[in-house]
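Residue numbers (our numbering): 722 to 1118. No residue lacks a Cβ here, since even glycine has one placed at the ideal position from N, Cα and C. What you are looking at is a predicted structure, and each value in this text was computed from that prediction instead of being measured. As structure tokens, the structure follows; a few thoughts come after it.
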């Protein structure tokens, strides 16, 4: 019965193509917006996840805790509670692969007639392994350069671009905060933390940052399953080294990749729901359009309804007929909307660099929502048609 009504509904809608298209427009826009916006959120999540995973292998980041001056509590990382001795002690914990202490400042870097202001980070040779950096040209900092405190530098890819330096820049000189440094390498781009200059930690202390405090300690763990245990061991070690009393707050912070991924996952999940909710408003508008056109159709076909009832059609048959027409409208609009949404997602993904991220569940949800809109907004006009008195309908002109 219902399958027989589908071709009839299609022929009815085809007889008024423009009106049907305008009616479906709201559904098309709504479904397309849902598919596109949700896929953009999923693509952003995928991009952020790749960036976080690219920070390093099995990475733990130890940062100094917030400092307190008088009654004012400073921002996290403003304290000076981590030292090179802390990093050396952490390296002795079982399960720790490598440790990379670092300190940083900001300075003006000049190469020829070009300059840029960027982060200057003092590191050790282990930094490249712990933070999973690859060299594009030249080499990374060596133990000999570290021990002698040589004025050598490795440039991030973004910094090299800002200074107009290419593959032939290795061996040339730049000035960092007015101090000459020789370029020994340029890093491969990672998409994050590419705008920086890496120098030996002793050189940073000699020329830019006084004292022995560190801005962070990066720790690479041997096995991913050992991260929680290693994190606990580092916390207990630092509390003991910093003479923290029982119950006293930590004066440092340890963050692992799982925490970062969980935080970003929560944020992007909420963002996806918000965007889908906003896009759903267009679907509701499209549903109102379907209800409006179906009410007009009932009025135009009053005499036809009367004839059908006169020859034996039941009210249920009339209701199903008009409901099927509403569902054909909404489903057709939903399918076209999916095509539009996937196309928009592909274009945005190509521009943003994360590719096409459209899950089957998103498409199923969008199509299901469009069908739901067709049912909800098609029932009332269908009931109106089913309730028409056949005698009054036959007299209708």
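TODO: Ignore the nearest five residues each way along the sequence and tell me which others in residue 919's own chain have a CB closer than 6 Å to its CB.
DONE: Here residue 919 corresponds to residue number 198 of the chain shown, with the count starting at 1. Correct list, in chain order: 842, 844, 875.
Task: residue 1047 to residue 910 span [Cα, whole Å] - done: Counted from its first residue, the chain shown places residue 1047 at position 326. Counted from its first residue, the chain shown places residue 910 at position 189. The straight-line gap from Cα to Cα measures roughly 53 Å.
TODO: Compare the C-alpha of residue 955 against each of 986, 1034, 814, 880 and name the closest.
DONE: As a first step, residue 955 must be located in the chain shown, where it is residue number 234. Comparing Cα-Cα distances from residue 955 to each of 986, 1034, 814, 880, the minimum goes to 814.
TODO: List the DSSP bridge partners of residue 836.
DONE: Taking the chain shown and counting its residues from 1, one reaches residue 836 at position 115. DSSP lists 831 as the bridge partner or partners of residue 836.
Open item on the list: In this structure, how does DSSP classify residue 903 when only helix, strand and coil are distinguished?
Closed with: As a working mapping, residue 903 is identified with position 182 in the chain shown. If DSSP states are grouped into helix, strand and coil, residue 903 belongs with the strands.
TODO: Assuming residue 1091 contacts residue 996 (C-beta within less than 8 Å), just tell me the rounded distance between them.
DONE: Walking along the chain shown from the start, residue 1091 turns up at place 370. Walking along the chain shown from the start, residue 996 turns up at place 275. In this structure, residue 1091 and residue 996 do not form a Cβ contact; the two beta carbons are roughly 17 Å apart against a cut-off of 8 Å.
- [ ] Have a look at 970, 1000, 952, 770 and flag the residue whose alpha-carbon is nearest the alpha-carbon of residue 977.
- [x] For the purposes of this step, residue 977 is identified with residue 256 of the chain shown, where counting begins at 1. Between residue 977 and the set 970, 1000, 952, 770, the nearest pair of CA atoms involves 952.
Open item on the list: Pull the bridge partners of residue 876 from the DSSP assignment, please.
Closed with: Along the chain shown, read from residue 1 onward, the residue named residue 876 stands at position 155. In the DSSP output, where bridge partners are listed per residue, residue 876 has 907, 918.
TODO: Taking 8 Å as the threshold, find out whether the segment 761-770 comes into contact with the segment 979-994 through three or more Cβ pairs.
DONE: Touching, yes.
- [ ] Over the uninterrupted alpha helix (DSSP H) stretch that includes residue 953, give me the two end residues.
- [x] Taking the chain shown and counting its residues from 1, one reaches residue 953 at position 232. Looking at the DSSP string, the run of the alpha helix (DSSP H) that includes residue 953 is 948-962.
- [ ] Whole angstroms is fine: what's the gap from residue 1018's alpha carbon to residue 732's?
- [x] Translated into the one-based positions of the chain shown, residue 1018 becomes position 297. Translated into the one-based positions of the chain shown, residue 732 becomes position 11. So the two alpha carbons sit approximately 14 Å from each other.
TODO: Would you list the residues sitting across from residue 785 in a DSSP beta bridge?
DONE: Taking the chain shown and counting its residues from 1, one reaches residue 785 at position 64. Its beta-bridge partners are 973.
Open item on the list: Comparing C-alpha positions only, which one of 753, 1050, 1043 sits nearest to residue 1106?
Closed with: Along the chain shown, one-based indexing puts residue 1106 at 385. Nearest C-alpha to residue 1106 among 753, 1050, 1043: 1043.
- [ ] Using the DSSP secondary-structure output, state which residues sit across from residue 819 in a beta bridge.
- [x] Numbered from its first residue, the chain shown carries residue 819 at position 98. DSSP output for residue 819 lists 941 as bridge partner(s).
Open item on the list: Since residue 840 and residue 827 should fall inside the 8 Å C-beta cutoff, what is the C-beta to C-beta distance between them, to a whole number of angstroms?
Closed with: To locate residue 840, count along the chain shown from 1; it is residue 119. To locate residue 827, count along the chain shown from 1; it is residue 106. 6 Å between Cβ atoms; contact.
Open item on the list: Please return the same chain residues whose Cβ sits closer than 7 Å to the Cβ of residue 864, not counting the five positions on each side in sequence.
Closed with: Within the chain shown, the letter at position 143 stands for residue 864. Closer than 7 Å at the Cβ level, and outside the excluded window around residue 864, lie 846.
Task: Outcome for residue 1108 when other beta-carbon atoms lying within 10 angstroms are tallied against a minimum of 16 - done: On the chain shown, position 387 is the one that residue 1108 refers to. Residue 1108 should be labelled exposed.
- [ ] Within the same chain, show all residues whose beta-carbon is closer than 7 Å to that of residue 870, passing over the 5 residues directly before and after it, in chain order.
- [x] Taking the first residue of the chain shown as position 1, residue 870 is located at position 149. 921, 923, 924, 927.
TODO: Mind checking which residues open and close the beta strand (DSSP E) that includes residue 845?
DONE: Here residue 845 corresponds to residue number 124 of the chain shown, with the count starting at 1. Where residue 845 is concerned, there is no enclosing beta strand (DSSP E), given that its DSSP letter is neither H nor E.
- [ ] Tell me residue 804's beta-bridge partners as DSSP assigns them.
- [x] Walking along the chain shown from the start, residue 804 turns up at place 83. According to DSSP, which records beta bridges pairwise, residue 804 is partnered with 934.
Open item on the list: I want to know whether the segment 1057-1066 touches the segment 753-764 - three or more CB-CB distances under 8 Å.
Closed with: The segment 1057-1066 makes contact with the segment 753-764: 3 or more CB pairs, one atom from each, lie closer than 8 Å.
Task: 8 Å Cβ cutoff met for residue 973 and residue 784 - done: On the chain shown, residue 973 is found 252 positions in, with the first residue counted as 1. On the chain shown, residue 784 is found 63 positions in, with the first residue counted as 1. Annotated as proximal: residue 973 and residue 784, with beta-carbon spacing under 8 Å.
Open item on the list: For residue 949 and residue 1012, which I take to be in contact (beta-carbon distance under 8 Å), what is that distance rounded to the nearest angstrom?
Closed with: On the chain shown, residue 949 is found 228 positions in, with the first residue counted as 1. On the chain shown, residue 1012 is found 291 positions in, with the first residue counted as 1. That belief does not hold up - the Cβ atoms of residue 949 and residue 1012 are roughly 56 Å apart, past 8 Å.
Open item on the list: Please tell me whether residue 906 and residue 859 are closer than 8 Å, where the distance is taken between their beta carbons.
Closed with: Looking up residue 906 in the chain shown gives position 185. Looking up residue 859 in the chain shown gives position 138. For residue 906 and residue 859, yes; Cβs fall inside 8 Å.
Open item on the list: Please report the distance separating the alpha-carbon of residue 957 from that of residue 991.
Closed with: The residue labelled residue 957 in the question sits at position 236 within the chain shown. The residue labelled residue 991 in the question sits at position 270 within the chain shown. Computed Cα separation, rounded: 35 Å.
- [ ] Measure the Cβ-Cβ separation of residue 1095 and residue 1052 and say whether it is below 8 Å.
- [x] Start at 1 with the first residue of the chain shown, and residue 1095 comes out as number 374. Start at 1 with the first residue of the chain shown, and residue 1052 comes out as number 331. When the beta-carbon positions are compared, residue 1095 and residue 1052 come within less than 8 Å of each other.
Open item on the list: Please state the DSSP three-state secondary structure of residue 858.
Closed with: Position 137 of the chain shown holds residue 858. Three-state result, residue 858: strand.
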